[in-house]
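For our numbering, count along the sequence shown from 1 and bump the result up by 11.
Report on the following structure.
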Amino acid sequence: MTGVSEEDEKFMDMALGMASRALEAGQFPVGCVIAGETGVVSLGSRENSRGEEANEIDHAEMVALRGLAIPINRREGLTIYSTMEPCLMCYAAIILSRVRRIVYAYEDVMGGGTSTVFNRSAPLYREAGVEIIAGVRRRESLELFARFFADPENDYWRGSLLADYTMKEAASGA
Numbered sequence: 012m013t014g015v016s017e018e019d020e021k022f023m024d025m026a027l028g029m030a031s032r033a034l035e036a037g038q039f040p041v042g043c044v045i046a047g048e049t050g051v052v053s054l055g056s057r058e059n060s061r062g063e064e065a066n067e068i069d070h071a072e073m074v075a076l077r078g079l080a081i082p083i084n085r086r087e088g089l090t091i092y093s094t095m096e097p098c099l100m101c102y103a104a105i106i107l108s109r110v111r112r113i114v115y116a117y118e119d120v121m122g123g124g125t126s127t128v129f130n131r132s133a134p135l136y137r138e139a140g141v142e143i144i145a146g147v148r149r150r151e152s153l154e155l156f157a158r159f160f161a162d163p164e165n166d167y168w169r170g171s172l173l174a175d176y177t178m179k180e181a182a183s184g185a
């Protein structure tokens, strides 16, 4: 895999640990780490994906971005690590937050935003120049999502394209 460093593996391992803890808490298993030259600068995991508190705002990336305490004009060199491909909402928020490198583990076939082509959008998005690295520790992330969808207690996105794809990928040993 081109462009993947030992640091990428290390920070993705941390994101996977956060995703595992989210799963243990009954949440959708997405973990996120934002790191720079000095190490980890913010963390997040999916919140409020079940019960009466369920919403589509508390994605792991959004939680991590909200915790980012670095002034916006000093965010060069940051990388965001997520166990799932960021959705369009998170991808746009990452761009707006001036994070220019995204490393993710598992593709979101239903709502992934990183393949969005911004060539007809405003310059802020069109000229962002985000580097995207996919598939880092994919197997471990896939296993967490398969465990989530296999649990009858978890109804978040049950029966969706993502759930069906995940269970087929897990069964095939992909």
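Note that the Cβ used here is the ideal one computed from N, Cα and C, for glycine as well.
- Under the three-state reduction of DSSP, A46 is assigned to strand.
- Taking every protein chain shown into account, the CB of N130 has fewer than 16 other CB atoms within 10 angstroms, so this residue is exposed.
- Under DSSP, V114 shares a beta bridge with Y92, I144.
- For G28, the enclosing alpha helix (DSSP H) has its first and last residue at 17 to 35.
- L27 is the residue among G14, L27, M121 whose C-alpha sits nearest the C-alpha of S93.
- Comparing alpha-carbon positions, the option among A116, E87, Y136 lying closest to Y102 turns out to be Y136.
- A direct Cα-Cα distance of roughly 14 Å separates L89 from A104.
- Under the three-state reduction of DSSP, L79 is assigned to coil, being neither helix nor strand.
- Spanning the alpha carbons of N66 and A145 requires a straight line of approximately 26 Å.
- One thing to note: V41 has its Cβ within 8 Å of the Cβ of A71.
- Cβ contact annotation for F22 (same chain, cutoff 6 Å, sequence separation greater than five): V44, A46, Y92, in chain order.
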